[in-house]
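Undergrad:
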Amino acid sequence: SQGQLQVLKEISPPLLADEGAGVLIIDDLTDTGKTAGIVRAMMPKAHFATVYAKPKGRPLVDTFVTEVSQD
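Numbering (this note's numbering), first residue to last: -14 to 56.
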(Lines of atoms letter the chains of each structure in order from A and count residues from 1; the text may use other names and numbers.)
(Lines give C-alpha, C1' and ligand atoms only; values in the text may rest on other atoms or scores of the structure.)
Protein backbone atom coordinates (compact mmCIF):
# COMPACT_ATOMS: atom_id res chain seq x y z
CA SER A 1 0.00 0.00 0.00
CA GLN A 2 1.30 3.42 -0.95
CA GLY A 3 1.24 6.27 1.52
CA GLN A 4 1.09 10.00 0.94
CA LEU A 5 3.09 11.03 -2.12
CA GLN A 6 5.49 13.94 -1.84
CA VAL A 7 7.44 15.73 -4.57
CA LEU A 8 11.06 15.80 -3.38
CA LYS A 9 12.58 17.80 -6.22
CA GLU A 10 10.87 20.27 -8.51
CA ILE A 11 11.00 19.71 -12.26
CA SER A 12 13.32 22.04 -14.17
CA PRO A 13 11.34 24.98 -15.66
CA PRO A 14 12.60 24.37 -19.24
CA LEU A 15 11.08 20.87 -19.12
CA LEU A 16 7.75 22.32 -18.00
CA ALA A 17 7.76 25.12 -20.61
CA ASP A 18 5.70 23.16 -23.16
CA GLU A 19 3.90 20.89 -20.66
CA GLY A 20 6.62 18.26 -21.07
CA ALA A 21 6.41 17.94 -24.85
CA GLY A 22 9.43 15.97 -26.07
CA VAL A 23 10.15 14.52 -22.60
CA LEU A 24 10.31 10.75 -22.07
CA ILE A 25 9.55 9.49 -18.57
CA ILE A 26 10.57 5.89 -17.83
CA ASP A 27 9.50 3.83 -14.83
CA ASP A 28 10.00 0.18 -13.98
CA LEU A 29 6.43 -0.46 -12.73
CA THR A 30 3.16 1.42 -12.81
CA ASP A 31 1.07 -0.04 -10.00
CA THR A 32 -1.87 2.10 -8.88
CA GLY A 33 -1.00 5.04 -11.12
CA LYS A 34 -0.72 7.52 -8.23
CA THR A 35 2.82 8.59 -9.05
CA ALA A 36 2.18 8.61 -12.80
CA GLY A 37 -0.95 10.70 -12.23
CA ILE A 38 0.98 13.37 -10.33
CA VAL A 39 3.70 13.55 -12.97
CA ARG A 40 1.11 13.48 -15.78
CA ALA A 41 -0.65 16.48 -14.19
CA MET A 42 2.66 18.40 -14.21
CA MET A 43 3.73 17.27 -17.68
CA PRO A 44 0.63 16.26 -19.67
CA LYS A 45 2.45 16.17 -23.04
CA ALA A 46 5.33 13.94 -21.86
CA HIS A 47 5.52 10.35 -23.09
CA PHE A 48 5.25 7.80 -20.26
CA ALA A 49 6.89 4.40 -20.70
CA THR A 50 7.10 1.55 -18.21
CA VAL A 51 8.39 -2.00 -18.26
CA TYR A 52 5.52 -3.45 -16.21
CA ALA A 53 1.99 -2.05 -15.99
CA LYS A 54 -0.74 -3.22 -13.64
CA PRO A 55 -4.38 -2.72 -14.68
CA LYS A 56 -5.00 0.26 -12.36
CA GLY A 57 -1.96 2.15 -13.63
CA ARG A 58 -2.17 1.09 -17.27
CA PRO A 59 -4.41 4.00 -18.46
CA LEU A 60 -1.78 6.53 -17.33
CA VAL A 61 1.09 5.20 -19.45
CA ASP A 62 1.62 5.57 -23.19
CA THR A 63 3.91 2.57 -23.69
CA PHE A 64 4.51 -0.59 -21.65
CA VAL A 65 6.28 -3.89 -22.24
CA THR A 66 4.28 -6.34 -20.09
CA GLU A 67 0.95 -6.10 -18.32
CA VAL A 68 0.97 -7.92 -14.98
CA SER A 69 -1.87 -8.76 -12.58
CA GLN A 70 -2.91 -6.23 -9.96
CA ASP A 71 -2.35 -8.79 -7.16
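A virtual CB, placed ideally from N, CA and C, is assigned to each residue, including glycine.
#1: In three-state DSSP terms, what is A34?
#2: Excluding five sequence neighbours on each side, which residues of the same chain lie with their C-beta closer than 7 Å to the C-beta of E4?
#3: If you drop the 5 nearest sequence neighbours on each side, which residues of the same chain put their C-beta closer than 8 Å to that of T51?
#4: Between A34 and Q(-11), what straight-line distance do the alpha-carbon atoms span, to the nearest angstrom?
#5: Please work out which residues of its chain come closer than 6 Å, Cβ to Cβ, to L0, disregarding the five sequence neighbours upstream and downstream, and give them in chain order.
#6: Under a Cβ-count criterion, where at least 16 other Cβ atoms within 10 Å of its own Cβ denotes burial, should A21 be classed as buried or exposed?
#7: For V24, count the other beta carbons within 10 Å of its own beta carbon; 16 or more makes it buried, fewer makes it exposed. Which is it?
TA: For this structure:
#1: For this step, residue 34 is matched to residue 49 along the sequence shown. Strand, per DSSP.
#2: Sequence index remark: in the sequence shown, residue 4 carries index 19 (1-based). So the list reads M28, P29 and K30, once near-sequence residues are dropped.
#3: Translated into positions along the sequence shown, residue 51 becomes position 66. Cβ neighbours of T51 beyond the five flanking positions: V36, Y37 and A38.
#4: Residue 34 sits at position 49 when you count from the first residue of the sequence shown. Residue -11 sits at position 4 when you count from the first residue of the sequence shown. Taking the Cα positions, A34 is about 23 Å away from Q(-11).
#5: Sequence index remark: in the sequence shown, residue 0 carries index 15 (1-based). In the same chain as L0, and ignoring 5 residues on each side of it, the C-beta atoms closer than 6 Å to its own belong to V8, in chain order.
#6: Stepping through the sequence shown from its first residue, residue 21 is reached at position 36. Burial state of A21 is buried, judged by a 10 Å Cβ sphere holding 16 or more other Cβ atoms.
#7: Here residue 24 refers to the residue found at position 39 when the sequence shown is read from its first residue. Classification for V24: buried.
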